[in-house]
Every structure is written in C-alpha cells, then in structure tokens.
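What follows is one structure encoded as structure tokens, with my remarks underneath.
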Amino acid sequence: MSKVAQATAELIFALQQEFPQARIIACDAIEGEAIHLEVRLKDHSIVGQAQDRAIELKHAVEDRYGLYALVRVLAESC
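Under the working numbering, the sequence shown is numbered contiguously, ending at residue 78.
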C-alpha cells in the first residue's frame with residue numbers, strides 16, 4: 001500500500017471515529033495536496049467545532065506521513 005493510500009485510510013478512519021454521523025467524500029487532490037477530503041455534517045451547529053477537530057486529526061496524519069492534506073468540514077445541504 002502506498003504512503004498516500006495508507007495516510008488517506010488512516011485519516012478517513014479517524015474522521016469516521018470522531019464524526020460517525022458524517023458523510024466523508026474523497027475529492028481529487030489539488031496541486032500540492034496528497035489528500036483532499038470533505039466531511040459533510042447534517043448538524044450545522046457543530047461545523048466550526050468539527051473543523052477544529054478535523055484539523056487536529058489532519059495535522060497528526062501529515063506529521064506521521066510527511067504529506068499535505070486538505071480536510072474541509074461543511075454543512076450538508078437539505
């Protein structure tokens with residue numbers, strides 16, 4: 001398994017553990033990124049708090065694997 005695939009799997013697993021109600025979407029990486037994920041939440045009131053936690057998880061994976069990741073937390077559209 002490649003380093004990017006392993007880091008992506010670890011980050012998705014951590015996000016699923018933290019936000020079991022979320023829908024996690026893998027997006028095409030933009031130039032300079034190894035990983036690009038969106039976390040969609042139905043509860044609009046926790047998006048800001050969830051973004052802070054997602055950034056902490058992202059930094060842990062970036063530090064472990066030496067890759068750049070982008071994780072965005074968004075409110076799910078109705």
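In this text, a Cβ means the ideal position worked out from N, Cα and C, and glycines have one as well. From a predicted model like this one, the values you see are computed outputs, not experimental measurements.
For the pair the region 9-19 and the region 27-34, tell me if three or more CB-CB distances fall below 8 Å.
Contact fails: fewer than three Cβ-Cβ distances are below 8 Å.
How long is the line joining the alpha carbons of V73 and M1, rounded to whole angstroms?
Distance from the CA atom of V73 to the CA atom of M1, rounded to whole angstroms, is 27 Å.
Could you tell me if K58 is buried or exposed, where buried requires 16 or more neighbouring beta carbons within 10 angstroms of its beta carbon?
Flag for K58 reads buried.
Which of helix, strand or coil does DSSP assign to E38?
It is a strand residue.
Drop a sphere of 10 angstroms on the beta-carbon of I25, count the other beta-carbons inside from all chains shown, and report buried for 16 or more, exposed for fewer.
Burial state of I25 is exposed, judged by a 10 Å Cβ sphere holding fewer than 16 other Cβ atoms.
Let me know the secondary structure DSSP gives L67 once reduced to three states.
Looking at L67 - three-state DSSP - the assignment turns out to be coil, as it is neither helix nor strand.
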